[in-house]
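K.L.:
Counting from 1, position 40 in the sequence shown corresponds to residue 40 in full-length UniProt numbering; the numbering is continuous, with no gaps. Every residue gets a Cβ at the ideal spot worked out from N, C-alpha and C, and that includes glycine.
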Amino acid sequence: MILMYIFESYLDLRQHAALKLPTLPKSLEGVISQEKFEKSRAYSLDKSHFHFVHAFVTIMTDATILYFRVLPWFWKKSEGLVTLAGLNAENEILHTLAFLAGLMIWSQFWA
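Put into structure tokens, the structure is as follows:
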């Protein structure tokens, strides 16, 4: 997970550096105006900045979930939820459905 983030960040940095070049590529001359190229470049740079922040927050969130063992904790809590509902907690299908329902509800508030 971390290595993938590092590799993708490296590729994104290369692309970001290419976006900073202010000159219109030769292959686009006559196809697109300089003004339209500048607007597109500015938008792409803003999108690239946002992507860096989003990717960092995502990797930190995922690492935190793994480090603090949130998913096993949530699995145990879903067993209690099944029992609280008066159902058989040994039934893995019900347990899994409670786990997934809880994750979906949690992700709506977290994300």
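Can we say the stretch 78 to 86 touches the stretch 29 to 43, given the rule of at least three CB pairs closer than 8 angstroms?
P.N.:
No contact exists between the stretch 78 to 86 and the stretch 29 to 43.
K.L.:
Below 6 angstroms CB to CB, which residues in the same chain sit around F37 once its five sequence neighbours on both sides are set aside?
P.N.:
L24.
K.L.:
Which residues mark the beginning and the end of the alpha helix (DSSP H) in which E29 is found?
P.N.:
Element bounds for E29: n/a, residue is neither H nor E.
K.L.:
Where D62 and H54 are concerned, what is the direct C-alpha to C-alpha distance, given to the nearest angstrom?
P.N.:
Rounded to the nearest angstrom, the two C-alpha atoms are 12 angstroms apart.
K.L.:
Quick one: grab the DSSP three-state call for R14.
P.N.:
It is helical.
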